[in-house]
Structure formats: C-alpha cells, structure tokens
C-alpha cells in the first residue's frame, strides 16, 4: 500500500507538478482591450449564423468591408464568456498556456530537470504575452508550439507527423493572422533540411523527403478554406508597409534600454553561447534548422516586438543544450532536489501571491475598466441617458468596451481599425491618433462631442478650451 502511494506521489511530482505550476501561474484576469468587439463578433455569428463582414459597430468608416481572420476565436471567446464569464476565459487562457508547454515538452522529451529550468525561463520571458490571458494571439502561440512538435517529430524520423500540419493550418487560418508566421516556419524548416541533406550528400534521404513537399504546398492551400478566401492574405499583406504601424505597440521595435529590450539582448548572447556549445559537441548539423530559424526570428524581433514571442519558442531546441550540459547524474540527489526547489518555489509564490493578487472571484467589467483601460461606466451611463447632439469622438481603447457594454453608444473608432484604409487611402485611425496626441487641432474639425481618457494629450487640450470658453464640460 505504501509503495503504491509512494509511486502515485512520485508520478505526480515528476509528471504533473510542472504543468500544475504553469496552469496556476497562467491564471490572469482577461485584459485584452479588444475583448468587447471580439465578443460582439462572436455573438453576431452565434445568433445569426452569418459572418459580420461590414463595419456596423463604429461611426467612422461605416460599411467598410473587413475580412475578420479571427472569426473562430471570436466565436470561441463568446461561447466561453456566455457560459462562464471572465472566470471561464481566465481558465481557458491558463489551459491554452499549459498546452503550449505540454507540446514543447513532448517535442523535445524534456526530463524533470529540463522542465524545471526551461518551463520557468520560457514562462518568464513570455509573460508579457501570457498575462493578457485568452485571446487570438495566445491561440496562435499554441499553434506555433504544436508546429514545433510536428517538425521535431519529423526531424526525429516520424515522417508522417508532418501531415498533421494540414488540420493545424486549417484551424490556424481561422483563428489568427499569425498563421502566416507558421507557414514561414514550416517552409523554412523543410527547405533548410533539404539543403542540409543535399550538401551533405545524403541523397537517399533528400529524395525520400521530397515526397513531403506537397504537404508544404497543401498547407498553404488549406488556409484558403475560410469565410474570406484569398482576402485573408490581402489583409495580412496590408499590415506590411502600412505607415500607421508605427503607432501600434506590437508593430514597433522594443524601446532601447527597456527591460524587454535588455532581455532580448541577453537572449541573443545566450543563443550564441548555446550555438558554440552545439558546435563543440559536433551537433551543429542536428540542430541546423532550428539555429537558422531562431536567428531569423531573433533579428525580426529587433524590427518588431511581436516576433519576439515566436522567437523565444523556436529557440527552445537551441537553448536546451546548456541545461542538458549541466544536468547532474540520473537519479542523483541534486538532479531531483534542484528541480523540486524551483517548482516548489514557483508553486508557493503562485498560491501565496499571484492568485490572491488576481482576485479571480472579483472579475467584472467595472474592474476591467479600472485596471486595464481606465474607463468610466458612470460616464457611459450619462451618455446613454443623455443623447448629446453633434459629431462624436471617443477614445480608441474604449471602443471594444462600448461596443459590448453600451451598444447604444457607437464609438467613433475601435481596436479593429488601426490598419484600415479605404480605396482613397483614408484612415480613421490616423485621423484619430493625431487628434488624440494633439498634433492636429480639434478646433479645425467638425467634432462637437469628445469622450476622452484623462491620460491623453487631447484631454489637456480640451481643458484649455473649456477655460477659454470655447467648449464646455457636460460630465
């Protein structure tokens, strides 16, 4: 009996404790500023069975046709929220994060020692992405982890695993625009492998792997099975070279000398250190594909911060080298004690500090307003009850919140619209942004009602205009 209990306890510690820690640490209140409009899109599809393709939710650019790539994510988000509210989304986010680490572990068959170090390290560096909880970008990160698993199995000789890329990309292309990054990883990996086999004169393996080239082509083809067809590629292409990207945090480089920038610099040094170890161990050929992919995304991460989250994941097969080199002998005291100390410390931190701080039993739209987007439900109630005449300008980050909670108050702009441009090149976001930052003079526009965060430069400008008697404060 005691032996059975001991076995169960040991299996729990070595098999499940790392995942329990990751799950608990991943419990965050959903903080996506766009949550409201995602819910509205999901609700629309759930109730009508049709895809919302035209802009009927905001005042600017009415009727604009937009291929919403994340329609399936929106439907899932609404379904979870409808049944379980914010808590359901928080749990879903934690489950998705846990699955990300599960597929990383399965891809590289991590030992208990390696899981303790790599799980804690990857969670720490990915935390700015993970702490927003359930959203499309998190599902895209899970898809990246699954792709890494598929490619690692292919690399290890389980060739038929690559066929799983087809259903993966079918789902990915209907949940998030990050599928294009996934296609890039798949394509680069395959052709790097073929390049390696050809130049190492392993022509037998080279010819054998040629039969999997159609899988790469079909992976592109299955992404066209979506409500918008080729239009999703046009939408993704619109992101590149768009002059308004520089005003969106995710699409700009990390600020030099910021904490995230230093983390990226140190990660680059750590990668170089691991590559040197790989060369010394004469395993460069074995890791060649992952080294090149990690290097490509490392340089992309310096160009746009959103690539950093992918880069950290595709770096895992490279940085494993160091942690395997310092692993004590199998079944040694240190080999068991150190991972237990790391995971035990993370567990205690989570239950004593992280989870109480999240206040999971107190998650609602009022807290969402106070903690994340700094909005005012009372002011929205005032606008709802008092139909103010005149053209309306509202805060960008409040758009989704208004769309879901106050459908009677149409925002002028919301989080869908940052890269929208019509056939004449007009951008509602550009017009808004220059007004918000007080670059353009609000007095030279036809806006008559301004609903703005006190943290924006325009708010200070409006106070000056009130003092000058040109505008008046109604709330």
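In my numbering, the protein residues as written are 705 to 1179. From the three backbone atoms N, C-alpha and C, an ideal C-beta is built for every residue, glycine too.
query	result
Extent of the continuous beta strand (DSSP E) run through residue 1098	1095-1098
Alpha carbon of residue 893 to alpha carbon of residue 900, nearest angstrom	11 Å
Proximity below 8 Å, CB of residue 812 to CB of residue 847	no
Sequence-distant residues of its chain with Cβ nearer than 6 Å to residue 1099 (five each side left out)	1156 and 1157
Cut-off 8 Å between Cβ atoms - residues of its own chain near residue 764, not counting five sequence neighbours on either side	1116, 1117, 1121, 1132, 1135 and 1136
Start-end ranges of the alpha helix (DSSP H) lying completely within the stretch 866-950, minimum 4 residues	869-876, 883-903, 907-914, 917-926 and 935-943
Option in 911, 1017, 965 and 959 with minimal Cα separation from residue 809	1017
Inter-residue Cα distance where the pair is residue 876 and residue 843	8 Å
Assigned secondary structure, residue 956 (DSSP; H/G/I helix, E/B strand, else coil)	coil
Helix, strand or coil at residue 758 [DSSP, three-state]	strand
3 or more residues per run - each beta strand (DSSP E) lying fully within the stretch 1068-1111	1095-1098
Contact set for residue 978: own chain, Cβ-Cβ below 7 Å, skip 5 residues either direction	1022, 1023, 1025 and 1026
Beta-carbon contacts of residue 1201 that lie in its chain and below 8 Å, excluding the five residues immediately before and after	No answer is possible for residue 1201: it lies beyond the span of the chain, which begins at 705 and ends at 1179.
Residue range of the beta strand (DSSP E) that includes residue 1154	1151-1155
Cα-Cα separation, residue 954 to residue 1013	11 Å
Identity of the residue in 744, 999 and 806 nearest residue 1111 by Cα	744
Segment contact flag, the stretch 813-829 with the stretch 769-788, C-beta cutoff 8 Å, min 3 pairs	no
Neighbour-count burial assignment, residue 973, 16 or more Cβ in a 10 Å radius	exposed
Segment limits, alpha helix (DSSP H) that includes residue 838	No alpha helix (DSSP H) contains residue 838, which DSSP labels as neither H nor E.
Contact check, residue 740 vs residue 1109, beta carbons under 8 Å	yes
Cβ-based neighbour list, residue 805, same chain, cut-off 6 Å, excluding 5 preceding and 5 following	726 and 823
C-beta atoms of residue 790 and residue 733 nearer than 8 Å	yes
Inter-stretch contact at 8 Å, needing at least 3 Cβ pairs: the stretch 979-996 / the stretch 878-886	no
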